[in-house]
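As given, the protein sequences belong to chains U and G, one line each in that order. The first sequence stops at residue 199 when you use our numbering, and every number in between is there. The second sequence stops at residue 1352 when you use our numbering, and every number in between is there. Note that the Cβ used here is the ideal one computed from N, Cα and C, for glycine as well. Remarks on the structure that follows.
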Amino acid sequence: MARMKFLCDSERCIECNGCVTACKNEHEVEWGVNRRRVVTINDGEPNEVSLSVACMHCTDAPCMAVCPVDCFYQTDDGIVLHDKDACIGCGYCLFACPFGAPQFPQEGAFGDRGKMDKCTFCAGGPEEDHSVAEREKYGRNRIAEGKLPLCAEMCSTKALLAGDANDVSDIYRERIIARGSNKGAWGQNLAYNAAGRKR
Amino acid sequence: MNLKHQPMQAMPGWLNHSLMAVLFSVLVVWLLGITSAVQAAQAANTANSASAMAGAVTGTSAGNRGADYWRQVTRGESGYSTHRHDEAGVLINRSGEDWRLLRNDTIKTYGAWALGVTLVGLVLVYLLFGANKLDSPRSGRTVERWKRVDRYLHWTVAGLFIVLTITGLSILYGRHFLPELMGKGAFGSYMSLGKLLHNYLGVLFAILLVIMLVKWLANNLPTITDIQWFLQGGGMIKGKHPHAGYMNGGEKLWFWVLFLGGVVLMLSGLVLDFPAYFDNRDDFQLANLFHAVSALVLICGATAHAYIGSVGTEGALEGMTTGQVDETWAKQHHDLWYEQIKTDASEDKAND
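Structure follows, in structure tokens:
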């Protein structure tokens, strides 16, 4: 069984925002919502580093733990998905998420939150695969087509890797060896902690 | 509203009056318990993050950003992002985990205990001590205690409080049992409606609660009589009723719990109500914690208040339903107030 992961190679990311654009276009994400963003630390300084970040599909996902309607579920591949029909737009997942992944369109009166939207690892939602309903709510289901997330597929420098954890790790490890570095900065086996799921 | 007085079973006199003392001591213990538990958990979390931070790898690996860079990231340092929403530049925010632990582990656990102990405690108090009955038979003459506007205000606030309690507790605990109970589809519709009701009725509740608190403030200012009232255990010792004016010490305690809890509840609720104007996750996390704790305290308090004001005290409920209380009840529970209105009435007569 695969365990799907994202990994962004900080040595390669050039902050082109291609992943952001690819995602936005592929899923026709609504106005004001961005499932992926690029962050540059020390912007404009000699040691500036960029990273692309979206939902990291945590093993012990905080969003899942705090959702009052329990609308999240994790696929066998470790992808964290949610049911937009159940979502009440309370924002708790956003309060809990360390990566700022959950996004809310302003839908209701007085700027009330609409239904949450986030990265699906291009795996759609609870609706039938390739159905119109799934497409409209969650975007394209590339995983069901046997493809990997488009953000990583289209990454111009192949900084952003997506796929089975072992494959992603192998690719990254090869790069590290080739670079002759002892950098061990890819410890995202568990995006949160090793304690496993909590309540 | 047809809430008629129910006859109570006979109980030994000395038992009747320990009711209030037990309720208030239990209430105070819960208030303290919840507060200290949350504080303890917060301290533990801070300690944990501090030790995790201290254990972080130091030094930079050759040719790479290394540990320094990742330490910046995990400390939540904000960078640049083309996305313009608040916090877009933060890669990893740790505060969410603190909030999750406090809400899911501390508040949900201790809140459930507080609610359970309140309910069980009240049932036990009723079974062991019974209702606080009138010492002498009803006189048949009544005096006005609550004006129409006060009663309407009270029952509107109470009704809204019940709706907000049900929807609010569903948000906190619903996911653990409601989907099985009502089916997943119905649970979804109920929660969507519940959130809307909670958000909108909450504002109405806040407005009415402010009016009620301001209107009743003058009657609830603490006096020396209230201290004596508490020192005498609210009249539960030896069956002798301590002096009390229009409001007794216990009623004033509940007023101030409602006042302080209500202010925290309203302010935090308004922050949660308007996400567009508070675009900061820390504000929401804090507001959510304050909202949950104050709501749980008030739910426990309101449950005890409802018990004491209805089945717990013979002749009390009719004051809030019809506005009139029997003179016997007034003499027994609020002797100073009763004397005052009698004096006023005879003075009016003399002036006529």
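Cβ of residue i within 9 angstroms of any chain G Cβ
i: residue 212/U; result: Since the first residue shown for chain U is 1 and the last is 199, residue 212/U is missing from the structure and cannot be characterised.
i: residue 195/U; result: Low confidence applies here, because residue 195/U scores a pLDDT of 48, under 50, leaving its location unreliable and the question unanswered by this model.
i: residue 29/U; result: no
i: residue 161/U; result: no
i: residue 17/U; result: yes
i: residue 131/U; result: no
i: residue 139/U; result: no
i: residue 169/U; result: no
i: residue 119/U; result: no
i: residue 88/U; result: yes
i: residue 173/U; result: no
i: residue 113/U; result: yes
i: residue 67/U; result: yes
i: residue 74/U; result: no
Closest by C-alpha distance to residue i, when choosing among the options
i: residue 80/U; options: 3/U, 29/U, 173/U; result: 3/U
i: residue 18/U; options: 151/U, 138/U, 113/U; result: 151/U
i: residue 1089/G; options: 1128/G, 1101/G, 1076/G; result: 1076/G
i: residue 24/U; options: 14/U, 37/U, 82/U, 12/U; result: 37/U
i: residue 86/U; options: 1137/G, 1193/G, 1243/G; result: 1193/G
i: residue 91/U; options: 73/U, 74/U, 118/U; result: 118/U
i: residue 1263/G; options: 1341/G, 1274/G, 1112/G, 1294/G; result: 1294/G
i: residue 1306/G; options: 1100/G, 1093/G, 1109/G, 1126/G; result: 1126/G
i: residue 1300/G; options: 1257/G, 1334/G, 1324/G; result: 1257/G
i: residue 163/U; options: 157/U, 172/U, 156/U; result: 172/U
i: residue 75/U; options: 174/U, 93/U, 175/U, 125/U; result: 125/U
i: residue 112/U; options: 1309/G, 1199/G, 1259/G, 1150/G; result: 1199/G
i: residue 1254/G; options: 1274/G, 1323/G, 1220/G, 1231/G; result: 1220/G
Between the CA atoms of residue j and residue i - distance to the nearest angstrom
i: residue 1069/G; j: residue 8/U; result: 14 angstroms
i: residue 1142/G; j: residue 1344/G; result: 16 angstroms
i: residue 1095/G; j: residue 51/U; result: 21 angstroms
i: residue 20/U; j: residue 35/U; result: 8 angstroms
i: residue 1041/G; j: residue 1135/G; result: With a pLDDT of 49 at residue 1041/G, under the threshold of 50, the modelled position of this residue cannot be trusted; read the value that follows with caution. Cα-Cα distance, rounded: 48 angstroms.
i: residue 1131/G; j: residue 1116/G; result: 21 angstroms
i: residue 1297/G; j: residue 1261/G; result: 7 angstroms
i: residue 1252/G; j: residue 1120/G; result: 24 angstroms
i: residue 1160/G; j: residue 1302/G; result: 12 angstroms
i: residue 1055/G; j: residue 1228/G; result: Only weak support is given to the placement of residue 1055/G: the predicted model assigns it a pLDDT of 34, under 50, and the value that follows is read from those uncertain coordinates. For residue 1055/G and residue 1228/G, the distance between alpha carbons rounds to 56 angstroms.
i: residue 1186/G; j: residue 1158/G; result: 27 angstroms
i: residue 1177/G; j: residue 77/U; result: 27 angstroms
i: residue 1118/G; j: residue 1104/G; result: 21 angstroms
i: residue 990/G; j: residue 1164/G; result: As shown, chain G starts at 1001 and ends at 1352. That puts residue 990/G outside it, with no answer to give.
i: residue 135/U; j: residue 129/U; result: 9 angstroms
i: residue 54/U; j: residue 62/U; result: 15 angstroms
i: residue 153/U; j: residue 1181/G; result: 44 angstroms
i: residue 32/U; j: residue 1101/G; result: 30 angstroms
i: residue 1250/G; j: residue 1224/G; result: 13 angstroms
i: residue 138/U; j: residue 120/U; result: 7 angstroms
i: residue 155/U; j: residue 1162/G; result: 54 angstroms
Supposed contact pair residue j and residue i - C-beta distance, whole angstroms, cut 8 angstroms
i: residue 1202/G; j: residue 1269/G; result: 5 angstroms
i: residue 1212/G; j: residue 1153/G; result: 5 angstroms
i: residue 69/U; j: residue 41/U; result: So it is not a contact: roughly 35 angstroms between Cβ atoms.
i: residue 1208/G; j: residue 1156/G; result: 6 angstroms
i: residue 142/U; j: residue 149/U; result: 7 angstroms
i: residue 99/U; j: residue 64/U; result: No, residue 99/U and residue 64/U are not in contact; Cβ-Cβ is about 14 angstroms, not under 8 angstroms.
i: residue 116/U; j: residue 103/U; result: 7 angstroms
i: residue 96/U; j: residue 66/U; result: 5 angstroms
i: residue 1347/G; j: residue 1133/G; result: Actually they are not in contact, since the Cβ atoms of residue 1347/G and residue 1133/G sit about 33 angstroms apart, beyond 8 angstroms.
i: residue 1292/G; j: residue 1107/G; result: 5 angstroms
i: residue 1335/G; j: residue 1241/G; result: 7 angstroms
i: residue 1288/G; j: residue 1272/G; result: 6 angstroms
Beta carbon proximity, residue i to chain U, threshold 9 angstroms
i: residue 1172/G; result: yes
i: residue 1050/G; result: Because the pLDDT of residue 1050/G is 41, which lies under 50, any placement of that residue in the model is unreliable, and the number read from its coordinates should be weighed accordingly. False, the Cβ-Cβ gap to chain U never drops below 9 angstroms.
i: residue 1042/G; result: The predicted position of residue 1042/G is uncertain, since its pLDDT is 47 and thus under 50; a value taken from the coordinates is nonetheless stated next. So no, residue 1042/G is outside the interface.
i: residue 1079/G; result: yes
i: residue 1265/G; result: no
i: residue 1164/G; result: no
i: residue 1055/G; result: Reliability of the predicted coordinates at residue 1055/G is poor, the pLDDT of 34 falling under 50, and the value obtained from them is presented with this limitation in mind. It does not; no Cβ of chain U falls within 9 angstroms.
i: residue 1204/G; result: no
i: residue 991/G; result: The structure shown does not extend to residue 991/G, since chain G spans only 1001 to 1352, so no value can be given for it.
The ligand ATP heavy atom lying under 8 angstroms from the CB of residue i
i: residue 28/U; result: In terms of ligand content, the structure shown is empty, and the ligand ATP therefore cannot be addressed.
According to a CB-to-CB cut-off of less than 7 angstroms, which residues of the stretch 1094-1121 of chain G neighbour chain U?
-> Hits within the stretch, in order: 1094, 1096, 1097, 1099, 1100, 1103, 1104.
If you measure beta-carbon to beta-carbon, which residues of the stretch 37-54 of chain U are closer than 9 angstroms to chain G?
-> Of all residues in the stretch 37-54 of chain U, 37, 38, 39, 40, 41, 42, 43, 44, 47, 48, 49, 50, 51, 53 have a Cβ within less than 9 angstroms of some Cβ in chain G.
Any residues in the stretch 1126-1137 of chain G with a beta carbon nearer than 7 angstroms to a beta carbon of chain U? Which ones, in chain order?
-> Within the stretch 1126-1137 of chain G, no residue has a Cβ that lies closer than 7 angstroms to any Cβ of chain U.
Residues within the stretch 1180-1191 of chain G neighbouring chain U, beta-carbon criterion of under 9 angstroms = Correct list: 1184, 1185, 1187, 1188, 1191.
Members of the stretch 1287-1307 of chain G near chain U, C-beta cut-off 9 angstroms | Correct list: 1288.
Using a Cβ-Cβ cut-off of less than 7 angstroms, give me the residues of the stretch 1147-1159 of chain G that come near chain U, in sequence order.
-> Listed in chain order, the positions of the stretch 1147-1159 of chain G with a beta carbon within less than 7 angstroms of a beta carbon of chain U would be empty, since no residue qualifies.
Name, going along the chain, the residues of the stretch 1246-1279 of chain G whose beta-carbon falls closer than 9 angstroms to a beta-carbon of chain U.
-> Residues are counted here when their Cβ sits less than 9 angstroms from a Cβ of chain U; for the stretch 1246-1279 of chain G these are 1272, 1273, 1274, 1275, 1276, 1277, given in chain order.
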